[in-house]
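Visitor: Residue numbers (the numbering used here): 156 to 431. The beta carbon of each residue, even a glycine, is placed where N, CA and C say it ideally should be. Take this structure first; my questions come after.
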Ligand SMILES: NC(=O)c1ccc[n+]([C@@H]2O[C@H](COP(=O)([O-])OP(=O)(O)OC[C@H]3O[C@@H](n4cnc5c(N)ncnc54)[C@H](OP(=O)(O)O)[C@@H]3O)[C@@H](O)[C@H]2O)c1
């Protein structure tokens, strides 16, 4: 792969952003990353060419940070449910605004969530399926996508709808270990969609290299059910099994089987197509 002089900025350099920064530097890009936490600057400076303190809705700081950048990864993540609007929507609105009237930016890649599909009682959904968020945060994520898609026509916008993220330091047993030996509401048949960090990084770089635009589900080839997933985790880690109380409704509002056919048809092959 040819080394190309391209400048890339990662707005919100957390778990995903750090891994992409490493990949982009390996690809020869000049990488700028941002955080809202001053104490993280030294760590981020060590894995990038430039680390900046930046809140997404700060128009002047964002405009300055975007100077001479060609590709933007928007991988901000709300630290809690109360700040979804400020984190996602206000940042998206500010980003689209500061790209006017002219910009060096050629592509925005955004890491959204499949939560926008809402509860489909386990039915399959694709990028053609209309969104149906089940709560105000889901609505904010759906609106954020539309704001980004309305960016200047000179900018290609690629929206990834991610499944639950797992990977190094975020192993599934770390996420679900506490459920071992407990009784959970529902019968465990609801669908769950996951994506490994390697494939998030791989798909983001694939989108950059192939200049993708539009909406793409970023999940594994085959959804599991929550029951299958927890059974596998408990068996793999010799933990007491989970039991189910089918008299109680499931606590998961996003019961949809998410298809990644479009991304595969675009030519991306997952390194981790399934969990087990
Ligand atoms: N976790 C999942 O399972 C999951 C599932 C689907 C989609 N996603 C999406 O995947 C993306 C990446 O997730 P992640 O796990 O890498 O997130 P993360 O580790 O929590 O990192 C989020 C980054 O966003 C920054 N940030 C937060 N609020 C901001 C604001 N107002 N302005 C600018 N930056 C802000 C944080 O700043 P600090 O450095 O100061 O903390 C941090 O660098 C997120 O968009 C998330 O919504 C995650």
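#1: What residue range is occupied by the uninterrupted beta strand (DSSP E) comprising residue 206?
#2: If you measure from the CB of residue 191, is any heavy atom of ligand 1 nearer than 7 Å?
#3: What is the rounded straight-line gap between the Cα of residue 406 and the Cα of residue 382?
#4: Along the chain, where does the beta strand (DSSP E) that runs through residue 160 open and close?
#5: For ligand 1, is there any heavy atom lying closer than 7 Å to the beta carbon of residue 233?
#6: In terms of alpha-carbon separation, which member of 428, 310, 330, 259 lies closest to residue 354?
#7: By the DSSP assignment, the beta strand (DSSP E) with residue 333 in it spans what residues?
#8: Whole-angstrom Cβ separation of residue 188 and residue 172, contact assumed at under 8 Å?
#9: Taking the alpha-carbon positions, what's the residue 219 to residue 360 distance?
#10: My output table needs one value for residue 415: the three-state DSSP class, helix, strand or coil.
#11: Going by DSSP in three states, residue 430 sits in which element: helix, strand or coil?
#12: Can you tell me whether residue 290 is helix, strand or coil according to DSSP?
#13: Looking at residue 195 and ligand 1, is the gap between the Cβ and the nearest heavy atom below 7 Å?
#14: Do the segment 340 to 351 and the segment 311 to 321 meet, that is, are 3 or more Cβ pairs less than 8 Å apart?
#15: For the beta strand (DSSP E) that residue 228 lies in, which residues bound it at each end?
#16: If we cut at 8 Å on Cβ distances, does residue 277 have a partner in chain C?
#17: Residue 305 to residue 400, Cα distance in whole Å?
#18: What does a CB cutoff of less than 7 Å around residue 368 pick up in its chain, not counting 5 residues either side in sequence?
Guide: The relevant details are as follows:
#1: 205 to 208
#2: yes
#3: 13 Å
#4: Careful: residue 160 lies outside any beta strand (DSSP E) and carries neither H nor E.
#5: yes
#6: 428
#7: It is not in any beta strand (DSSP E) - residue 333 carries neither H nor E in the DSSP assignment.
#8: Rounded to the nearest angstrom, the Cβ distance from residue 188 to residue 172 is 6 Å, consistent with a contact under 8 Å.
#9: 24 Å
#10: coil
#11: Under the three-state reduction of DSSP output, residue 430 falls in the coil class, being neither helix nor strand.
#12: coil
#13: yes
#14: Yes, the segment 340 to 351 touches the segment 311 to 321.
#15: 226 to 229
#16: Protein chain content of the structure displayed is limited to a single chain, and chain C is not contained in it.
#17: 45 Å
#18: 311, 312, 313
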